[in-house]
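Chains P and L, in that order, give the protein sequences.
Going by UniProt numbering, the first sequence opens with residue 1, and the numbers climb by one from there.
Going by UniProt numbering, the second sequence opens with residue 1, and the numbers climb by one from there.
For glycine and all other residues, C-beta sits at the position ideal for the given N, C-alpha and C.
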Amino acid sequence: MVGELVLLKAKHIHYIEALDKKQESYEYWLTEHLRLNGVYWGLTALCLLDAKETFNKNEVIDFVMKCYVEATGGFAAFPRHDAHLLTTLSAVQILKTYDSLDVLSSSQLEKCVKFVKSNQLSDGSFQGDKFGEIDIRFVYTALSTLSILELLTPEVVDPAVNFILRCYNFDGGFGLYPGAESHAAWAFTSLGALAIVGRLNDLSENQINEIGWWLCERQVPEGGLNGRPGKLPDVCYSWWVLSSLALIDKLDWIDYDKLREYILKCQDEKGGISDRPDNEVDVFHTLFGIAGLSLMGFGNLIPVDPVYCMPVSVTKTIKKYPYN
Amino acid sequence: MHGVKRKQWTQELLKQKKIQDERKIAVYRDLTSKALKSRDQCCYTPESLKDTTRLLQANPEFNAIWNYRREILIHLKTALDEEFWDSELMFTLAQLKMFPKVYWIWNHRLWTLENHSKSSVKVWERELAMVSKLLQLDARNFHGWHYRRLILDKIEKFTGCNRDKEELKFVTENINKNISNYSAWHQRTVLIPRLFANKQISDEKEFMRKEFAYITNAIFTDAEDQSVWFYINWFIKNEMVLSALEREEYINLLQDLEKNIRVINQDDLEFSGKQNNWCLKILIVIEKVQREMGLTIESHTNEYLKQLIEADPLRKNRYVSLGEEMS
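(1) Pick helix, strand or coil for K118/L, following the three-state DSSP scheme.
(2) Can you give me the C-alpha to C-alpha distance between P303/P and A246/P, rounded to a whole angstrom?
(3) Which residues in the same chain have their Cβ closer than 7 Å to the Cβ of T145/P, if we skip the five residues on either side of it in sequence?
(4) If we define contact as Cβ-Cβ less than 8 Å, is P229/P a contact residue for chain L?
(5) Given a limit of 9 Å on CB to CB distance, which residues of the segment 105-125 of chain L reach chain P?
(6) In terms of DSSP beta bridges, what is M310/P paired with?
(7) By the 10 Å Cβ neighbour count, where 16 or more other Cβ atoms means buried, how is N181/P classified, buried or exposed?
(8) Count the CB pairs spanning the segment 80-96 of chain L and the segment 50-60 of chain P that are closer than 8 Å, and state whether there are at least three.
(9) Between the segment 121-136 of chain L and the segment 155-163 of chain L, can you find at least three pairs of beta-carbon atoms closer than 8 Å?
(10) Consult DSSP for Y40/P and reduce its assignment to one of helix, strand or coil.
(11) By Cβ distance, which residues of its chain are closer than 7 Å to A197/L, with the 5 residues on each side in sequence left out?
(12) Would you grab the beta carbon distance between L95/P and S294/P for me? Rounded to a whole angstrom, and I think it's under 8 Å.
(13) Can you confirm whether S244/P, when its beta carbon is compared against all beta carbons of chain L, has any partner nearer than 8 Å?
(14) For the segment 32-66 of chain L, which segments carrying the alpha helix (DSSP H) assignment without a break, of at least 4 residues, lie completely within its bounds, in sequence order?
(15) Please name the residue, chosen from E156/L, D225/L, N217/L, T221/L, that lies closest to V220/P on a Cα-to-Cα basis.
(16) Buried or exposed for K111/P, going by 16 or more other Cβ atoms inside 10 Å?
(17) Please report the distance separating the alpha-carbon of E156/L from that of C67/P.
(18) Which word fits E303/L, buried or exposed, when buried means at least 16 other C-beta atoms lie within 10 angstroms of its C-beta?
(19) Could you tell me the boundaries of the alpha helix (DSSP H) in which N217/L lies?
(20) Are H186/L and N169/P closer than 8 Å when you measure CB to CB?
(21) What's the C-alpha gap between R260/P and F174/P?
(22) Any contact of the segment 97-106 of chain L with the segment 57-67 of chain L, i.e. 3+ C-beta pairs under 8 Å?
(23) Would you identify the three-state DSSP class for N277/L, choosing helix, strand or coil?
(24) Is there a C-beta anywhere in chain L that falls below 8 Å from the one on Y15/P?
(25) By a C-beta neighbour count over all protein chains shown, 10 Å radius and 16 as the cutoff for buried, is Y323/P buried or exposed?
(26) Does L225/P come out as helix, strand or coil in the three-state DSSP assignment?
(27) I need the straight-line Cα distance from W66/L to I19/L, nearest angstrom please.
(28) Would you call the segment 22-39 of chain L and the segment 20-35 of chain P in contact, with 3 or more CB pairs under 8 Å?
(29) Would you say L44/L faces chain P, with C-beta separation under 8 Å as the test?
(30) Would you mind telling me which residues of chain L sit closer than 9 Å to C93/P, beta carbon to beta carbon, in chain order?
(31) Can V235/P and F298/P be called in contact, C-beta distance under 8 Å?
(32) Along the alpha helix (DSSP H) that carries C216/P, what are the first and last residues, could you check?
(33) By the 8 Å beta-carbon criterion, what residues does the segment 268-281 of chain P contribute toward chain L?
(34) Mapping the DSSP letters down to three states, classify N260/L as helix, strand or coil.
(35) What number of angstroms, rounded off, separates the C-alpha of V6/P from the C-alpha of I208/P?
(36) Anything in the segment 36-70 of chain L with a Cβ closer than 7 Å to a Cβ of chain P? List those residues in chain order, please.
Structure, rendered in structure tokens:
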């Protein structure tokens, strides 16, 4: 059975290419609020499949710039929507992947940085926008954005690190807020953010071991990974859990072959990957399935960076903080 | 997309969907452009509020529309009475029942409470009752638990006293109802250190004795679920336990726990022919704690690790790494 499972690269490329041609479907319009994220997910998956040229670079960059919100300086998911930290990171990731950050004018760049920084609160956390939702995800998105722009400063970084460390829990996981239950996605955002600013050393060896233990217990007998104890496996945790394990140098604490088999079982023969076998596919799970396979070294994929979820060839050009 | 079964689309089904979608798309896009247009014109009327309601019912993840809705409410605020704010809470409750995992709805509900014309402690206490009910329906909803902690903080700010003791009762009831409620075990690890730090435990020794009894009872009830085992891993290594009990009693209770885990493991072996992996994992921890306390014990860690490498091959490399640490 395992021997028969292969990564359907051409089908996935075709699936991603066709995503923007589904305008006859109601769901296409219902997901406008995720469009810019979707472009990042699709583009990154294509890069890992060595098919970056599938998207038209100029069209994509035009779309990104249409999502720029003059009034706030951030990026929205779709033209005329509102800027948010989540979508601002997607915009910056796409521009960086195309080596096109210079399409931002100096005043746009300045306003964008101001938008990110202005959402930091006194305890070091970040709100997603002015309406005050606070979440560890936004700490990651803010630090990742500023890192790609190579404009991190100790004034932003130090309080953010303190906040992240306060999200560490009894079980070696991280919550979305101090006191909140551990979840694999927040292990990634916490460890990823610490890695971005070169502060993984703030965790003790003992903590690293506990983190590794909790993460490797996410693998369930069918091979997939879950996000929390007692929950079903889901392909997106192939990314959240695996990248976290990679960041603490314990990637091999789970079984690669079983996970590979699980991810491949979630493929639709027509292209795309779903959360669980025989479910509806989407571009989010397609990326995270492929990124997981890349991290484990399967399928001759382009190497992915566990910190940024972008091709290593792109991220190695990012200047590392602290800057000299 | 999470948890949606893959559909096999025949040509006929696709044709039908296309016809149905055409109308829905037209309505949705009209409504969207109308709402965004009135937003751009700074139109803050009850009529525009209704448009956001319709749009958010169709798509509760449309954050720009949630933002517009709040702008409208801010502008209409002086004209909005208690009844209105209660209806706003009803609206988000109905949304949460349909979409309990949408962050934007939880966030808007919190904003509504902050802006409620009667933002008294009563409103927040009513909310605490609401979220208790919601957690009965979905005991692991992390949004619900997070929201609950925010509500409790707010009540504490109003009244000046915390409800940690009542919360511990709530958490215990939840665990007693379902021993695999990891969210409740998590909350237990948040509350107990705080109760100790705030000196809210009258007899600290007795509390710790009871906690040892509680976890022992839990593993005899269900030794397969990882919730209680992660809790034990944290509890026995916690400085506060040792300092409350003092060394001798702590060691006795720890060794009693170790004996009980061995009994469970032996029972499993006799019953199913297999040892219990979680028993072995925690026995390793207990041996390590004792070694670090300077006790001379007969170590079985290497045997346990060998057994785990066989029986829990997914995590083989962790056990190999623990073995290397030993030597």
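Checking against the coordinates, here is how it stands:
(1) coil
(2) 13 Å
(3) T88, L89, V92, V116
(4) yes
(5) W106, N107, H108, L110, W111, E114
(6) D305/P
(7) Correcting the residue identity first, residue 181/P is Glu in this sequence and not Asn. Label assigned to E181/P: buried.
(8) no
(9) yes
(10) helix
(11) none
(12) That belief does not hold up - the Cβ atoms of L95/P and S294/P are roughly 22 Å apart, past 8 Å.
(13) no
(14) 46-58
(15) D225/L
(16) buried
(17) 41 Å
(18) exposed
(19) 204-221
(20) yes
(21) 26 Å
(22) yes
(23) helix
(24) no
(25) exposed
(26) strand
(27) 30 Å
(28) yes
(29) For the record, residue 44/L in the displayed sequence is Tyr; it is not Leu. For Y44/L, the answer is no, since every Cβ of chain P falls outside 8 Å of its Cβ.
(30) Checking the sequence, you will find Gln at residue 93/P rather than Cys. Ordered by position in chain L, no residue passes the 9 Å Cβ test against Q93/P, which lies about 19 Å from the chain.
(31) no
(32) 205-216
(33) D268, S274, D275, R276, D278, N279, E280, V281
(34) helix
(35) 34 Å
(36) L36, N59, E61, F62, N63, A64, N67, R70
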